[in-house]
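Visitor: Got a structure for you, written out below as structure tokens; questions coming shortly.
Protein chains in written order, with this note's numbering: chain A, 9 to 453; chain B, 170 to 771.
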């Protein structure tokens with residue numbers, strides 16, 4: 009079980025003053041769960057804590073500041089089909105680590121697996137003192153364009169869900185079942201969003217868009233944040249704009265399908281019975297083939313999911329010479345909007361820590377972006393292969409392993425007294441800087 | 170009963186653009202459709218219009234164009250509320266598109282290989298459903314050999330020139346009909362172009378469909394003349410001069426510089442979709458060579474090809490009309506005036522139409538000169554140059570030079586070509602070997618499809634013999650014909666063979682014989698993963714013989730080309746990055762090029 013730290017090293021030259029916090033503990037050899045993680049505060053180093061939340065994201069970033077620490081919570085949510093029941097424990101841990109004071113809550117986008125914790129533990133969150141709450145511009149109720157987009161997302165999710173319900177689709181490993189799981193992620197988040205948009209508890213709410221730069225962000229002196237996504241330019245809006253909702257069956261209160269949005273394109277007199285003289289009448293099997301062809305609910309559900317992922321806040325946190333990239337669930341369309349710009353090169357070359365986007369799915373870490381990143385960054389992936397067996401995407405992980413000084417997947421963290429049926433990832437490989445807690449993994453920069 | 174012979178044409182009224190333009194800009198026009206007897210539908214020999222509404226599970230009354238009162242008045246008058254006019258319009262525009270292909274290709278077109286039962290009325294026909302479903306979409310489906318048009322409500326808040334909430338019919342847009350039918354025709358000519366093998370293949374399908382739809386418009390005098398007049402002959406401008414413009418300032422607000430309907434396809438459709446602007450508008454985009462490297466979304470990438478062809482078209486038009494404008498200037502006319510002398514407008518229009526027809530023909534003929542699989546934009550340029558050289562060697566107006574220039578400015582570089590000169594771009598003959606390739610002796614020129622003196626049985630036998638002879642020839646000379654060495658034991662399929670008869674402008678009579686050979690390998694998508702799913706990697710060649718059986722061109726995509734294989738694997742991977750499907754797809758199936766999905770914009 010003992011495991012040696014990987015020989016791979018971060019390039020020394022890239023490390024700057026102020027990051028001398030790495031200590032002997034980085035050569036930890038045994039991922040025994042009871043080894044206490046290095047307390048934040050034992051040095052002037054940045055700590056990123058990834059919780060084992062199931063299929064979702066929850067990260068606590070702790071920054072050393074004059075006279076103590078400042079805490080940033082990036083997302084807190086789990087997919088209902090990938091929940092391993094850890095959220096209450098996680099919120100408790102966040103509270104004890106932060107002493108009930110969060111300088112910032114960043115909710116990257118409005119998917120259940122990133123914000124459901126704010127609904128489930130609403131009462132607990134209301135007890136936190138929160139200085140700032142960040143959301144993507146697409147959530148801004150004062151922004152007409154955002155409202156329109158948001159309304160479209162919600163309506164489409166709802167009609168598609170109804171449609172699938174009528175058709176008797178359940179979450180399973182068929183494409184339609186996987187599409188339904190993606191839809192469930194988009195629905196049912198109003199409580200969490202309301203809490204976040206209210207500032208949680210006295211916090212200032214900011215809606216971010218690509219191009220924003222914040223100095224001394226969230227009141228933390230020396231914290232600079234560069235917002236890379238979501239974009240606002242016309243050219244990329246389409247990436248967040250799912251195709252128009254086509255007509256789908258809905259249900260009435262008795263569970264009967266109704267077609268309230270049906271258009272009758274012509275007045276009644278043009279309709280003819282199948283007995284009409286010399287009318288070509290289709291065979292039943294042809295009708296069925298045609299019906300299947302126009303039913304694009306599965307495709308639309310995936311497109312909608314990608315559209316919402318592309319509204320993710322992508323932020324580069326820079327503090328005391330360290331650069332941490334948190335891209336939410338940004339998929340290719342969002343990445344593309346900034347990775348082709350001239351300054352992207354220097355960003356890729358500066359990254360020390362990288363939160364892998366969208367649980368390590370195929371199209372959330374563009375190959376071209378990964379290739380441009382300098383070797384030796386540390387990476388964390390909050391993931392598990394339920395509800396979607398294709399996540400994380402192995403080919404990307406393989407390349408990531410070669411590029412990074414260390415990679416930890418959240419499903420490799422075995423939860424002490426945890427749920428028995430929680431999906432298990434591959435065995436842990438803790439490289440320097442990483443250490444384990446009962447249901448989390450820390451990385452110290 | 171007296172004996173009357175059938176007429177040559179059946180005139181039918183259609184919208185030149187779509188209903189949103191009302192009656193302005195000569196929006197009504199009459200299409201001359203080659204005459205054929207029609208059943209209600211209309212159902213003809215190649216097309217079956219079936220007005221079955223899948224979403225509502227109902228049929229709408231089919232139009233009977235044989236009815237005397239309909240026939241005598243050039244069909245029904247344009248109407249958005251009468252489904253029978255819609256049926257007439259899709260039939261007319263689809264037939265017009267087919268006619269242009271048959272003219273350019275010098276033969277009858279066929280749809281994708283026939284399937285289903287022979288007695289099925291749709292066996293050999295393209296089925297068109299003008300009101301198939303309630304979606305803002307229209308698409309061609311290769312599996313069902315059907316074109317489906319959707320209808321939908323215009324956006325309530327952002328409806329462009331439509332009424333908010335009005336029902337929009339995609340089947341009433343001239344461009345959308347031509348575009349979708351072109352997909353179907355191209356699929357019949359090159360079945361494997363529907364397979365997504367590089368970023369160029371889906372983009373090519375889109376670009377080609379747009380090129381045909383747009384040039385079909387530019388070769389319609391009625392649609393063009395008003396635009397010529399209102400742009401002072403510079404009809405590629407994106408805006409039209411207002412109708413009322415006494416001295417500089419328009420007095421009538423409603424006529425403030427309307428958009429040029431010729432340079433934005435599917436305008437009504439695009440505006441009704443709300444946030445998206447016109448569906449496709451590529452014309453007049455300044456060349457940006459890096460785009461070709463970076464732009465991968467099929468419509469945007471296709472737009473680069475469309476823009477290249479149009480740049481060449483406009484340049485040639487300008488060259489051809491320079492003298493006319495000089496004459497007009499000599500008589501005191503001003504440059505770029507908004508309202509041309511009608512005679513001059515007529516002459517300019519004539520040149521524009523003629524040039525459009527030429528370019529459209531070049532673009533269509535080039536398909537016969539394309540490899541059988543995996544088309545790249547650069548190869549299409551080579552196909553255009555070769556096809557046009559074969560028919561019009563003199564090229565007085567330098568059409569080929571302009572095409573080459575337009576492609577070069579957009580960074581579209583054909584592989585394995587030493588320079589951008591016409592000589593270098595023309596396809597080559599058989600690969601050099603020790604002894605010259607002998608002529609093929611088994612050519613058969615059974616040009617007329619239904620020669621009644623040949624029984625179907627004889628015909629079938631003849632076809633079999635022909636393919637056997639071709640197969641034997643290919644097996645004897647595989648390397649010269651762009652196929653794999655026999656040691657690899659990859660079977661060769663003689664896939665299609667067509668004689669083509671053409672008369673060039675110099676009245677030379679050309680007879681050529683076009684054959685496609687196909688080969689395939691089953692390969693893993695990820696060679697490093699033992700559990701990887703597989704895909705079919707195709708290769709092959711298009712071989713062009715002259716009438717004596719000598720090989721003139723070999724247009725090859727070798728199946729043993731390992732670099733091509735690596736490129737296709739890389740493409741499968743990169744496409745996954747763009748695809749919403751790939752995120753959750755663990756089935757490992759490569760997503761098919763679905764025209765439906767592309768038109769939906771994801």
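Yeah, the Cβ is synthetic: ideal placement off N, Cα and C, and Gly gets one too.
Considering only residues of the stretch 531-598 of chain B, which uninterrupted alpha helix (DSSP H) runs meet the minimum length of 4 residues and lie entirely inside it, listed in chain order?
Guide: The qualifying runs are 546-560, 568-578 and 591-594.
Visitor: So with Cβ pairs under 8 Å, would you call residue 611(B) a contact of chain A?
Guide: Taking the first residue of the second chain as position 1, residue 611(B) is located at position 442. Residue 611(B) does not count as touching chain A.
Visitor: Skipping 5 residues on each side, what residues in its chain have a beta carbon closer than 8 Å to that of residue 177(B)?
Guide: Taking the second chain and counting its residues from 1, one reaches residue 177(B) at position 8. Same-chain partners within the cutoff: 203 and 204.
Visitor: Does residue 175(A) come out as helix, strand or coil in the three-state DSSP assignment?
Guide: Taking the first chain and counting its residues from 1, the one referred to as residue 175(A) is at position 167. Three-state result, residue 175(A): coil.
Visitor: Does residue 370(A) come within less than 8 Å of chain B when only Cβ atoms are used?
Guide: Translated into the one-based positions of the first chain, residue 370(A) becomes position 362. Cβ-Cβ to chain B under 8 Å: yes for residue 370(A).
Visitor: From the beta carbon of residue 737(B), is the nearest beta carbon of chain A less than 8 Å away?
Guide: Your numbering for residue 737(B) matches position 568 in the second chain. Residue 737(B) does not count as touching chain A.
Visitor: Under 8 Å between C-beta atoms, does residue 416(B) make it to chain A?
Guide: Residue numbering aside, residue 416(B) sits at position 247 when the second chain is read from its first letter. Caution is warranted here: a pLDDT of 44 is assigned to residue 416(B), below 50, making its placement in the model unreliable, and the coordinate value is therefore given only provisionally. No, its Cβ sits nowhere closer than 8 Å to a Cβ of chain A.
Visitor: Give me the chain A residues within the contact set of residue 302(B), using Cβ-Cβ distance strictly less than 7 Å, ordered along the chain.
Guide: Position 133 of the second chain, counted from the first residue, corresponds to residue 302(B). Ordered by position in chain A, the residues that pass the 7 Å Cβ test against residue 302(B) are 302.
Visitor: Indicate whether at least one CB of chain A lies closer than 8 Å to the CB of residue 349(B).
Guide: Here residue 349(B) refers to the residue found at position 180 of the second chain. So, not an interface residue.
Visitor: Please classify residue 745(B) as buried or exposed, where buried requires at least 16 other C-beta atoms within 10 Å of its C-beta.
Guide: For the purposes of this step, residue 745(B) is taken as residue 576 along the second chain, with counting starting at 1. Flag for residue 745(B) reads buried.
Visitor: Assign residue 498(B) to buried or exposed, taking buried as 16 or more other Cβ atoms, counted over all protein chains shown, within 10 Å of its Cβ.
Guide: One-based indexing of the second chain puts residue 498(B) at position 329. The residue is exposed, with fewer than 16 neighbouring Cβ atoms inside 10 Å.
Visitor: If you pair each beta-carbon of the stretch 229-244 of chain B with each one of the stretch 316-323 of chain A, do three or more pairs fall below 8 Å?
Guide: With a cut-off of 8 Å, the stretch 316-323 of chain A and the stretch 229-244 of chain B do not count as touching, because too few Cβ pairs lie within range.
Visitor: Under a three-way DSSP split, which group does residue 59(A) fall into?
Guide: Counting from one through the first chain, the residue named residue 59(A) turns up at place 51. Strand at residue 59(A).
Visitor: Based on Cα-Cα distance, which residue from 214(A), 371(A) and 399(A) lies nearest to residue 314(A)?
Guide: The count along the first chain starts at 1 and reaches residue 314(A) at position 306. For residue 314(A), the nearest C-alpha among the options comes from 371(A).
Visitor: Give the list of continuous beta strand (DSSP E) stretches no shorter than 3 residues that lie fully inside the stretch 320-375 of chain B.
Guide: Whole beta strand (DSSP E) segments, 3+ residues: 336-338.
Visitor: Taking Cβ positions, are residue 368(A) and residue 405(A) nearer each other than 8 Å?
Guide: Position 360 of the first chain holds residue 368(A). Position 397 of the first chain holds residue 405(A). Closer than 8 Å, so yes.
Visitor: Who are the neighbours of residue 246(B) on chain A, taking C-beta pairs under 8 Å?
Guide: Position 77 of the second chain, counting from 1, holds the residue named residue 246(B). Correct list: empty, because the minimum Cβ distance to chain A is about 16 Å.
Visitor: On the three-state DSSP scale, how would you describe residue 266(B)?
Guide: Translated into positions along the second chain, residue 266(B) becomes position 97. If DSSP states are grouped into helix, strand and coil, residue 266(B) belongs with the helices.
Visitor: Using beta carbons (cut-off 8 Å, strictly below), is residue 438(B) in contact with chain A?
Guide: Counting from one through the second chain, the residue named residue 438(B) turns up at place 269. Since pLDDT at residue 438(B) reaches only 48, below the 50 mark, its modelled position is unreliable, and no value is offered.
Visitor: Measure the beta-carbon distance from residue 686(B) to residue 712(B) and round it to whole angstroms, keeping in mind my assumption that it falls under 8 Å.
Guide: The sequence position of residue 686(B) within the second chain is 517, counting from 1. The sequence position of residue 712(B) within the second chain is 543, counting from 1. Rounded, the Cβ-Cβ distance is 7 Å, consistent with contact.
Visitor: Can you tell me where the alpha helix (DSSP H) with residue 490(B) in it begins and where it stops?
Guide: As a position in the second chain, residue 490(B) is number 321, starting the count at 1. 467-499 is the extent of the alpha helix (DSSP H) around residue 490(B).
Visitor: Taking three-plus beta-carbon pairs below 8 Å as touching, is the stretch 354-369 of chain A in contact with the stretch 148-160 of chain A?
Guide: The stretch 354-369 of chain A is not in contact with the stretch 148-160 of chain A.
Visitor: Count the other CB atoms, across all protein chains shown, that sit within 10 Å of the CB of residue 303(B); report buried if there are 16 or more and exposed otherwise.
Guide: Here residue 303(B) refers to the residue found at position 134 when the second chain is read from its first residue. Residue 303(B) comes out buried.
Visitor: Taking the alpha-carbon positions, what's the residue 524(B) to residue 282(A) distance?
Guide: Position 355 of the second chain, counting from 1, holds the residue named residue 524(B). Position 274 of the first chain, counting from 1, holds the residue named residue 282(A). Answer to the nearest angstrom: the Cα atoms are 48 Å apart.
Visitor: Among 249(B), 573(B), 558(B) and 703(B), which one has its Cα closest to the Cα of residue 722(B)?
Guide: The sequence position of residue 722(B) within the second chain is 553, counting from 1. Answer by Cα proximity: 558(B).
Visitor: Once you ignore the five residues that flank residue 367(B) on each side, which residues in its own chain have a CB closer than 8 Å to its CB?
Guide: In the second chain, residue 367(B) corresponds to position 198, counting from 1. Cβ within range, chain order: 543, 545, 736, 737 and 740.
Visitor: Pair every Cβ in the stretch 79-99 of chain A with every Cβ in the stretch 290-310 of chain A, then say whether three or more of these pairs are closer than 8 Å.
Guide: Verdict: no, contact absent.
Visitor: Give a yes or no on whether the minimum CB-CB distance between residue 310(B) and chain A is below 8 Å.
Guide: Indexing the second chain from 1 puts residue 310(B) at position 141. Residue 310(B) counts as touching chain A.
Visitor: Compile a chain-ordered list of the residues in the stretch 225-236 of chain B whose CB is closer than 9 Å to at least one CB of chain A.
Guide: So the list reads 225, 226, 227, 228, 229, 230, 231 and 233, given in the order they occur along the chain.
Visitor: Could you compute how far the alpha carbon of residue 197(A) sits from the alpha carbon of residue 325(A)?
Guide: What you label residue 197(A) is simply residue 189 of the first chain in a count that begins at 1. What you label residue 325(A) is simply residue 317 of the first chain in a count that begins at 1. Each residue's alpha carbon lies about 27 Å from the other.
Visitor: Is the Cβ of residue 509(B) closer than 8 Å to any Cβ of chain A?
Guide: The residue given as residue 509(B) occupies position 340 in the second chain. Taking Cβ atoms only, chain A never reaches closer than 8 Å to residue 509(B), which makes this a no.
Visitor: What in chain A is Cβ-close to residue 250(B), meaning under 8 Å?
Guide: The count along the second chain starts at 1 and reaches residue 250(B) at position 81. Simply 274 and 275.
Visitor: For residue 429(A), count neighbouring Cβ atoms within 10 angstroms of its own Cβ and tell me buried if that reaches 16, exposed if not.
Guide: Sequence index remark: in the first chain, residue 429(A) carries index 421 (1-based). That one is exposed.
Visitor: Using the Cβ count rule (16 or more neighbours within 10 Å means buried), how would you classify residue 244(A)?
Guide: By one-based count along the first chain, residue 244(A) stands at place 236. Flag for residue 244(A) reads buried.
Visitor: So who's on the other strand from residue 79(A), going by DSSP bridges?
Guide: For this step, residue 79(A) is matched to residue 71 along the first chain. 70(A).
Visitor: Strictly by DSSP, which residues pair up with residue 316(A)?
Guide: Counting from one through the first chain, the residue named residue 316(A) turns up at place 308. Bridge partners of residue 316(A): none, in fact.
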